[in-house]
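In UniProt numbering, the protein residues as written are 1 to 301.
Just so it is clear, CB atoms sit at the ideal spot from N, CA and C, and this is done for glycine as well.
Just so we're clear, the structure is a prediction, and the values are computed from it rather than from any experiment.
Comments concern the structure below.
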């Protein structure tokens with residue numbers, strides 16, 4: 001393993017926290033004896049091209065500094081390559097880091113964890129989801145939540161979180177069931193009227209909403225949470241339970257597990273790790289041990 005480590009930085013993450021977090025993470029890695037090189041792209045495509053070049057060049061690890069979007073971009077560069085991934089989580093969601101047991105908004109500690117894992121040649125092999133050539137670490141969302149994202153992305157005002165709050169209200173007003181066709185592991189298709197369908201490699205999205213609360217990162221399977229047809233009142237009543245994962249026991253919710261999941265529904269966009277994949281139909285597959293992540297040492301009993 002080379003002693004050069006690549007910091008993959010989103011300077012805009014967390015309202016500027018990405019830029020500020022790079023320095024304490026870099027100091028922790030340099031203090032452990034590593035040479036640190038920083039990669040910052042002019043846009044997502046340029047950043048990914050630079051990250052892939054670092055991986056091809058034999059970097060000892062690619063360490064994403066930012067939120068879930070930056071971590072997801074890093075996955076596109078390291079998945080299937082053997083290059084370990086580190087995560088310095090300083091974004092607004094940080095669902096991938098939480099699922100891995102990594103610190104959130106503590107870049108110095110995250111840097112020390114990555115350095116120690118590299119020194120000890122230790123890493124956790126974890127699964128990823130894949131749709132075509134695109135990898136994801138947390139959840140593929142579709143239905144009500146993806147329509148909220150679609151609407152929020154189209155809005156030019158207001159800025160920030162309020163935009164998505166307004167998008168939620170607008171989509172609630174237009175709430176209607178979506179006819180889905182779901183195929184699990186190539187078996188008979190399930191035809192359901194659903195409010196949303198989420199396919200989870202990890203348990204949460206949206207900053208802690210445990211939509212696929214039982215999903216595990218190393219079981220070789222994807223969890224499929226189907227929220228059936230429900231009224232606005234029911235959706236509003238059940239929604240707060242998503243943060244605890246207790247919505248999974250509601251009669252309107254069904255959970256499946258499969259290695260491959262095909263989703264079909266008219267007029268629905270799929271989002272993975274918060275980024276748009278494109279319109280359904282889409283097929284997701286679980287890829288076991290697709291990436292090795294630099295995580296804390298296991299606790300000693």
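Checklist entry - At which residue ranges does the region 161–214 contain complete beta strand (DSSP E) runs of 3 or more residues, listed in the order of the chain? => result 178–184 and 190–200
Item to check | Every unbroken beta strand (DSSP E) inside the region 251–301 [3 residues or more] | outcome: Entirely contained in the region 251–301, the beta strand (DSSP E) runs reaching 3 residues are, in chain order, 253–258, 260–264, 269–272, 275–279 and 282–293.
Checklist entry - Which of helix, strand or coil does DSSP assign to residue 247? => result Translated into positions along the chain shown, residue 247 becomes position 247. Reduced to three states, the DSSP call for residue 247 is helix.
Checklist entry - For the alpha helix (DSSP H) that residue 50 lies in, which residues bound it at each end? => result Residue 50 sits at position 50 when you count from the first residue of the chain shown. That run of the alpha helix (DSSP H) goes 44–56.
Item to check | Distance CB(residue 287)-CB(residue 127) smaller than 8 Å | outcome: Residue numbering aside, residue 287 sits at position 287 when the chain shown is read from its first letter. Residue numbering aside, residue 127 sits at position 127 when the chain shown is read from its first letter. Yes, the pair counts as a contact, with Cβ atoms nearer than the cut-off.
Checklist entry - Quick one: is residue 212 buried, meaning 16 or more other Cβ sit within 10 Å of its Cβ, or exposed? => result Against the chain shown, residue 212 aligns to sequence position 212. When all chains shown are included, residue 212 counts as buried.
Checklist entry - Does the separation of the CB atoms of residue 199 and residue 184 fall below 8 Å? => result Mapped onto the chain shown, residue 199 falls at position 199. Mapped onto the chain shown, residue 184 falls at position 184. No.
Next on the checklist: With H, G and I counted as helix, E and B as strand and the rest as coil, what does DSSP make of residue 24?
Outcome noted: Start at 1 with the first residue of the chain shown, and residue 24 comes out as number 24. Reduced to three states, the DSSP call for residue 24 is helix.
Item to check | Span of the alpha helix (DSSP H), counted from its first residue to its last, around residue 83 | outcome: Sequence index remark: in the chain shown, residue 83 carries index 83 (1-based). Note, residue 83: premise wrong, no alpha helix (DSSP H); not H, not E.
Item to check | Nonlocal neighbours in the same chain, by C-beta distance under 7 Å from residue 291, ignoring five residues either side | outcome: Locating residue 291 in the chain shown gives position 291, counting from the first residue. Once the five neighbours on either side are set aside, the close Cβ partners of residue 291 are 75, 78, 79, 85, 126 and 128.
Next on the checklist: Quick check on the burial criterion: 16 or more other C-beta atoms within 10 angstroms. Buried or exposed for residue 298?
Outcome noted: As a working mapping, residue 298 is identified with position 298 in the chain shown. Per the 10 Å Cβ criterion, exposed.
Next on the checklist: Under DSSP, the alpha helix (DSSP H) around residue 236 begins and ends at which residues?
Outcome noted: Numbered from 1 along the chain shown, position 236 holds the residue referred to as residue 236. Unbroken alpha helix (DSSP H) run through residue 236: 232–238.
Checklist entry - Mapping DSSP to helix, strand and coil, what is residue 156? => result As a position in the chain shown, residue 156 is number 156, starting the count at 1. If DSSP states are grouped into helix, strand and coil, residue 156 belongs with coil.
Item to check | Three-way DSSP call (helix, strand, coil) for residue 90 in this model | outcome: Walking along the chain shown from the start, residue 90 turns up at place 90. Reduced to three states, the DSSP call for residue 90 is coil.
Checklist entry - Are at least three pairs of beta-carbons, each pair with one atom in the region 48–62 and one in the region 31–40, less than 8 Å apart? => result yes
Next on the checklist: As a quick exercise: from 283, 278 and 284, pick the residue whose alpha carbon is nearest that of residue 150.
Outcome noted: Position 150 of the chain shown holds residue 150. The option with the nearest alpha carbon to residue 150 is 278.
Item to check | 8 Å Cβ cutoff met for residue 269 and residue 276 | outcome: For the purposes of this step, residue 269 is taken as residue 269 along the chain shown, with counting starting at 1. For the purposes of this step, residue 276 is taken as residue 276 along the chain shown, with counting starting at 1. Contact flag set, yes.
Checklist entry - If you draw a straight line from the C-alpha of residue 62 to the C-alpha of residue 206, how long is it? => result Numbered from its first residue, the chain shown carries residue 62 at position 62. Numbered from its first residue, the chain shown carries residue 206 at position 206. Distance between the alpha carbons of residue 62 and residue 206: 24 Å.
Next on the checklist: I need the boundaries of the alpha helix (DSSP H) containing residue 106, first residue and last residue.
Outcome noted: Along the chain shown, read from residue 1 onward, the residue named residue 106 stands at position 106. Premise fails: residue 106 is in no alpha helix (DSSP H) and is neither H nor E.
Checklist entry - Going by the CB atoms, is the gap between residue 191 and residue 176 shorter than 8 Å? => result Against the chain shown, residue 176 aligns to sequence position 176. Against the chain shown, residue 191 aligns to sequence position 191. No. Outside cutoff.
Checklist entry - Who pairs with residue 29 in a beta bridge, going by DSSP? => result Indexing the chain shown from 1 puts residue 29 at position 29. DSSP lists no partner for residue 29.
Checklist entry - Based on the DSSP secondary-structure assignment, which residues constitute the bridge partners of residue 223? => result Taking the chain shown and counting its residues from 1, the one referred to as residue 223 is at position 223. Answer is 200 and 257.
Item to check | Opposing strand residues paired with residue 5 [DSSP bridges] | outcome: Here residue 5 corresponds to residue number 5 of the chain shown, with the count starting at 1. Residue 5 pairs with 36.
Checklist entry - Skipping 5 residues on each side, what residues in its chain have a beta carbon closer than 6 Å to that of residue 8? => result Your numbering for residue 8 matches position 8 in the chain shown. Only 39, 51, 62, 64 and 74 meet the Cβ criterion.
Item to check | C-alpha distance - residue 250 paired with residue 5, whole-angstrom precision | outcome: As a first step, residue 250 must be located in the chain shown, where it is residue number 250. As a first step, residue 5 must be located in the chain shown, where it is residue number 5. One alpha carbon belongs to residue 250, the other to residue 5, and they sit about 46 Å apart.
Item to check | Selection from 196, 280, 30 and 209 that minimises the alpha carbon distance to residue 253 | outcome: Indexing the chain shown from 1 puts residue 253 at position 253. Residue 196 is the option with its Cα nearest to residue 253.
Item to check | Nearest to residue 148 (by Cα), restricted to the options 139, 162, 168 and 130 | outcome: Sequence index remark: in the chain shown, residue 148 carries index 148 (1-based). Closest option to residue 148, Cα to Cα, is 168.
Next on the checklist: Pop quiz: residue 67 and residue 91 are said to be a contact at Cβ under 8 Å. What is the actual Cβ separation, rounded to whole angstroms?
Outcome noted: For this step, residue 67 is matched to residue 67 along the chain shown. For this step, residue 91 is matched to residue 91 along the chain shown. Their Cβ separation, rounded to whole angstroms, is 2 Å, which keeps residue 67 and residue 91 in contact under 8 Å.
Next on the checklist: Taking the alpha-carbon of residue 272 as reference, which of 235, 203 and 228 has the nearest alpha-carbon?
Outcome noted: Along the chain shown, read from residue 1 onward, the residue named residue 272 stands at position 272. Here the closest residue by C-alpha is 203.
Checklist entry - Using the beta-carbon count (16 or more within 10 Å), is residue 3 buried or exposed? => result For the purposes of this step, residue 3 is taken as the residue at position 3 of the chain shown. The residue is exposed, with fewer than 16 neighbouring Cβ atoms inside 10 Å.
Next on the checklist: What does the alpha-carbon distance come out to for the pair residue 35 and residue 110?
Outcome noted: Position 35 of the chain shown, counted from the first residue, corresponds to residue 35. Position 110 of the chain shown, counted from the first residue, corresponds to residue 110. Each residue's alpha carbon lies about 17 Å from the other.
Next on the checklist: Buried or exposed for residue 112, going by 16 or more other Cβ atoms inside 10 Å?
Outcome noted: Along the chain shown, one-based indexing puts residue 112 at 112. Residue 112 should be labelled buried.
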